[in-house]
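J.: Using this note's numbering, read the sequence shown as starting at 354 and increasing by one per residue.
For every residue, glycine included, the Cβ atom is placed at its ideal position computed from N, Cα and C.
Because the structure is a prediction, the values reported are computed rather than measured.
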Amino acid sequence: MTQDMPPRGGYQPVQYKRNLPARGFRPGTLLIGMGIVMSYGWYKLFHGIREANELAREKMWARISLIPLLQAEEDRDQVRRYWADQKREKELLGENTKIYHNDRFVRPTLTVAPAPSK
């Protein structure tokens with residue numbers, strides 16, 4: 354039995370290299386590009402946080418500015434309720450009957466809700 358031998362002139366060259374482009378992004382260029390994108394993202398994040406803090410501060414000062422108005426409204430409501438309570442006491446108890454032991458004003462602790470309308 355004879356041994357197989359290569360053909361005359363040899364075999365054709367075998368392509369062992371992959372068909373990739375000779376050059377792409379260098380790692381340094383890719384790293385710099387990623388750094389720029391991340392820096393821009395952090396920049397926008399910090400400015401967004403700063404803007405949110407400023408809006409929260411503005412909202413807080415708007416509420417602080419309204420406190421005197423809201424307090425005055427509550428005081429007017431308390432006075433109206435106080436005079437209505439005094440009128441109700443006069444109707445029920447008469448003119449000279451005192452139900453408290455002193456004449457000092459005491460802010461009511463319970464609010465009387467009106468009866469539900471039909």
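Compute the Euclidean distance between the alpha carbons of R376 and G401, then round it to the nearest angstrom.
T.: Within the sequence shown, numbered from 1, the residue matching residue 376 stands at position 23. Within the sequence shown, numbered from 1, the residue matching residue 401 stands at position 48. C-alpha separation (whole angstroms): 39 Å.
J.: Give the straight-line distance between the Cα atoms of Q424 and K471, rounded to the nearest whole angstrom.
T.: Translated into positions along the sequence shown, residue 424 becomes position 71. Translated into positions along the sequence shown, residue 471 becomes position 118. Approximately 32 Å between the Cα atoms of the pair.
J.: State the DSSP-derived secondary structure class of V367, mapped to helix, strand or coil.
T.: Translated into the one-based positions of the sequence shown, residue 367 becomes position 14. V367: coil per DSSP, three-state reduction.
J.: Could you tell me the distance, in whole angstroms, from the CA atom of I420 to the CA atom of D428?
T.: Indexing the sequence shown from 1 puts residue 420 at position 67. Indexing the sequence shown from 1 puts residue 428 at position 75. Straight-line Cα distance between these residues: approximately 12 Å.
J.: Can the beta-carbon of Q431 be found closer than 8 Å to that of R460?
T.: Position 78 of the sequence shown, counting from 1, holds the residue named residue 431. Position 107 of the sequence shown, counting from 1, holds the residue named residue 460. For Q431 and R460, yes; Cβs fall inside 8 Å.
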